[in-house]
Amino acid sequence: MTRKLKEEELRLMAELGYPKKAIELYASKVNVGAIKNPDIVTTYLGRCGDFIELYLKISKEGIVKNGKFCYVGCPGSVMCVSAMIKLVKGKNVDEAKKITERDVINALGGLPTEKLDCAKLAIATLRKAIAEYEKMKGRSEI
1421 MTRKLKEEEL RLMAELGYPK KAIELYASKV NVGAIKNPDI VTTYLGRCGD
1471 FIELYLKISK EGIVKNGKFC YVGCPGSVMC VSAMIKLVKG KNVDEAKKIT
1521 ERDVINALGG LPTEKLDCAK LAIATLRKAI AEYEKMKGRS EI
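Its first residue numbered 1421, the sequence shown is counted upward by one per residue in this note's numbering.
#1: If you run the structure through DSSP and keep just helix, strand and coil, what is L1476?
#2: Pair every Cβ in the segment 1497–1508 with every Cβ in the segment 1516–1524, then say whether three or more of these pairs are closer than 8 Å.
#3: With distances taken between CB atoms, is the gap from C1468 to D1537 smaller than 8 Å?
#4: Does the beta-carbon of S1479 have 16 or more other beta-carbons within 10 angstroms, so that it is buried, or is it exposed?
#5: At which residues does the alpha helix (DSSP H) containing K1557 begin and terminate?
#6: Candidates K1557, L1436, L1531, K1540: which alpha carbon is nearest F1471's?
#7: Counting only runs of 3+ residues fully inside the segment 1488–1541, write out the beta strand (DSSP E) ranges in chain order.
#8: Does the separation of the CB atoms of Y1475 and P1458 fall below 8 Å?
#9: Please name the residue in E1428, K1456, G1493, V1461 whose C-alpha comes closest to that of E1473.
#10: Determine, using beta-carbon pairs with one atom in the segment 1482–1501 and one in the segment 1540–1550, whether at least three such pairs fall under 8 Å.
#11: To the nearest angstrom, report how far apart E1552 and K1441 are at their CA atoms.
#12: Going straight from the alpha carbon of G1482 to that of S1448, what length do you get?
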């Protein structure tokens, strides 16, 4: 019974316009969870009420080595934050700052129009985490 419900949920997501790539990220829960001893943990509450807790592991050289997140939110937010983390892994902090909502949407193969704000949530969470990291490291431009 549980398996059938999951298949039904995935079918419904496809009918709602989520691309296959995005649905696969959601179904496999890529990057969902916490990191032990993260360098940065930040939280972000979107206007829609979705809540993200982002964990990043960043090397001494400023390279994002790993990222994970916990959430309370819709599938669109899960897809977007998962994609954002895939995009930042292996990049230095300055490169990570340049990742955009459009990059997240493209990485997913698109999003339904009514879920474009989920990409904004992912990027806002990333930018907050990077700002906190830079402040901690004394790199803040403020």
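Ideal placement from N, C-alpha and C gives every residue a C-beta, glycine not left out.
Based on what the coordinates show:
#1: strand
#2: Counting Cβ pairs under 8 Å, three or more are found: they touch.
#3: Yes, the Cβ-Cβ distance between C1468 and D1537 is below 8 Å.
#4: exposed
#5: Its alpha helix (DSSP H) spans residues 1536–1557.
#6: K1540
#7: none
#8: yes
#9: V1461
#10: yes
#11: The alpha-carbon atoms of E1552 and K1441 are separated by roughly 31 Å.
#12: Cα-Cα distance, rounded: 28 Å.
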